[in-house]
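Engineer: Handing you this structure, nothing more for now.
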Amino acid sequence: MINRIAVIGAGIMGNGIAQVIGTAGIHVNLYDIDQASLNKAFSTIEKNLDLMTQKSILDIEAKSTILKRISGTTNLKECVSQCDMIIEVVSEILDLKQTLYKQIENIVKDDVIIASNTSAIPLTELTQQAKIPERFIITHFMNPATLVPLVEIITQDVTDVDVIDRTMQFIKRIGKSPIRLKKEIPGAVVNRLQAALLREAFHLVEQDVVSLQDIDQIIKDGPGFRWAFIGPMQMVDLGGLDTWKRIIDHLSPVLEDSKTCSSLVQQLVENGRLGTKAGKGIFDYDDNLLERIIFERDRDFIELLKLRNPVDNKAHTLEA
Ligand SMILES: NC(=O)c1ccc[n+]([C@@H]2O[C@H](COP(=O)([O-])OP(=O)(O)OC[C@H]3O[C@@H](n4cnc5c(N)ncnc54)[C@H](O)[C@@H]3O)[C@@H](O)[C@H]2O)c1
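Take the sequence shown: its letter number 143 is residue 143 in my numbering, and every next letter is one higher.
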C-alpha cells in the first residue's frame, strides 16, 4: 500500500498533484529547490481548495485537514527517504531529471516507485543512466491536475510488474482515471493527438482560412463540446464509418504534414511571445486577466466534473 508520497517540483503541475494526493487522504512531501516556488505552491493550493469548497465538491472543514497532509521542504533526503512513491515533476529538461534521479536513487526505499510527469521524454531515455530502471514509470497528469481526470501511464519492457500494479491502483485511489499505453511512443497519446490538431490549426491560420480567435471558438463550440461526453471513436460510429471513410480519404492528401512547427509559432517564440508566463503569446494578458481566465477555467471544469459524475462528485475520499 502506498502511504507516503514525495512530489519533487512544486510548479504548475507539482502543486496540483500534491493537492490531489492530500485530498485523497494520503500524506505528501512537496519538495522544490526554490523556497519561493514552494510558497507560491501553498498559496495556489489554498486558493484551489477554497474554490472547491465554494462549489461544494469539498467539505468546508476538509481544507485544513488536507493542508496538514501536505508538508513543504527544500531538503531532498528528508523528503524522499521514507516514501513509497516519488513523483518527479521538475522542468522538462532531460539532464535536470537524470541528475535528480542520480541523487535520489541512493536514498530511497528498495521497493520505491519513481514516477515522472514528463510530457514528451520517453521512459527509456529518462532511465538511460538509472541504476534501478525497473522501478521507474511515467504518470502523465494533465493541467490542471486538480481537475482533469486522465493520467496516462507509460511503462517500458523492464518496468517491474509490481510498480505497474501499484501505480494503477494508486492513481485510481486518488480519484483519477489511469490509461496504460500498450507500448512506449514519443509524446504518448495525449500530446500526439494535440500536436496533430495544433499543426493543422496553425496551418489553417497561415493559409488565411480562419483567425486564431476563431480556431478556439470552433473547437469550444464544435468538437470540444462533444468530446467531454462522446469520444472521437464513438463519434465516428454515430456519424457512420462509410461517411467518415469518405471524409478521411478526401482530406488525407491535403492535410498539413510538415515535419517542423509552423513558422507562425516560430516567429511568436522569437519575438518573446511565450504565452501567459510572458504576459503575451497568441493573445495578450495582464495579471488580472490571467487570474480571471484561470478562475473561470477551474470553475467551469468543476461544473463539468459534476455533470460527468452526478452521484459522487466530492473531490476527496478522506481515508486517513
Ligand atoms: N504545464 C503543463 O501544462 C504540463 C502538463 C503535463 C505535464 N507537464 C510536465 O510536468 C513537468 C513540470 O512542468 P511544470 O509545468 O509544472 O513546470 P514548472 O516550471 O511550473 O515547475 C517546475 C518546478 O521544478 C522546480 N525545479 C527545477 N529544478 C528542480 C530540482 N532539481 N529539484 C526540485 N525542483 C526543481 C522549479 O523550481 C519549479 O518550481 C514537466 O516535465 C512538464 O513537461 C507539464
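Don't be surprised by glycine CBs; every beta carbon is placed ideally from N, CA and C.
Leaving out five residues before and five after residue 203 in sequence, what residues of the same chain have Cβ atoms less than 7 angstroms from its Cβ?
Structural biologist: If we look at residue 203 and ignore the five residues flanking it on each side, its Cβ neighbours are 256 and 262.
Engineer: For the alpha helix (DSSP H) containing residue 116, list its first residue and its last residue.
Structural biologist: Taken as a continuous stretch (DSSP letters only), residue 116 belongs to no alpha helix (DSSP H), being part of the beta strand (DSSP E) at 113-116.
Engineer: Report the partner residues of residue 178 according to the DSSP bridge assignment.
Structural biologist: Bridge partners of residue 178: 151.
Engineer: Which word fits residue 206, buried or exposed, when buried means at least 16 other C-beta atoms lie within 10 angstroms of its C-beta?
Structural biologist: That one is exposed.
Engineer: Taking just the CA atoms, how far does residue 287 sit from residue 169?
Structural biologist: Going by the C-alpha atoms only, they are around 39 angstroms apart.
Engineer: Would you say the beta carbon of residue 91 comes nearer than 6 angstroms to a heavy atom of ligand 1?
Structural biologist: Indeed, a heavy atom of ligand 1 lies less than 6 angstroms from the Cβ.
Engineer: Less than 6 angstroms between C-beta atoms, sequence neighbours within five positions excluded: which residues of the same chain meet that for residue 174?
Structural biologist: Excluding residues within five positions, the ones whose Cβ falls inside 6 angstroms are 20, 21 and 24.
Engineer: Is there at least one non-hydrogen atom of ligand 1 closer than 6 angstroms to the beta-carbon of residue 100?
Structural biologist: Yes, the Cβ of residue 100 comes within 6 angstroms of a heavy atom of ligand 1.
Engineer: Between the segment 106-121 and the segment 264-272, can you find at least three pairs of beta-carbon atoms closer than 8 angstroms?
Structural biologist: No, the segment 264-272 is not in contact with the segment 106-121.
Engineer: Check each candidate in 115, 148, 308 and 139 and name the one with the smallest Cα separation from residue 133.
Structural biologist: Of the candidates 115, 148, 308 and 139, the one whose C-alpha sits nearest the C-alpha of residue 133 is 115.
Engineer: Find out if the Cβ-Cβ distance for the pair residue 45, residue 75 is shorter than 7 angstroms.
Structural biologist: It is not a contact, given that the beta carbons lie outside the stated cut-off.
Engineer: So which of 193, 253 and 156 has the shortest CA-CA distance to residue 135?
Structural biologist: Closest option to residue 135, Cα to Cα, is 156.
Engineer: Hey, how far is the Cα of residue 199 from the Cα of residue 276?
Structural biologist: So the alpha carbons of these two residues sit roughly 20 angstroms apart.
Engineer: From the DSSP secondary-structure annotation, give me the bridge partner or partners of residue 28.
Structural biologist: In DSSP, residue 28 forms a bridge with 5 and 70.
Engineer: What does the alpha-carbon distance come out to for the pair residue 41 and residue 68?
Structural biologist: Distance between the alpha carbons of residue 41 and residue 68 is about 14 angstroms.
Engineer: By a C-beta neighbour count over all protein chains shown, 10 Å radius and 16 as the cutoff for buried, is residue 97 buried or exposed?
Structural biologist: Under this definition residue 97 is a buried residue.
Engineer: Rounded to the nearest angstrom, what separates residue 302 and residue 240 at their Cα positions?
Structural biologist: Distance between the alpha carbons of residue 302 and residue 240 is about 33 angstroms.
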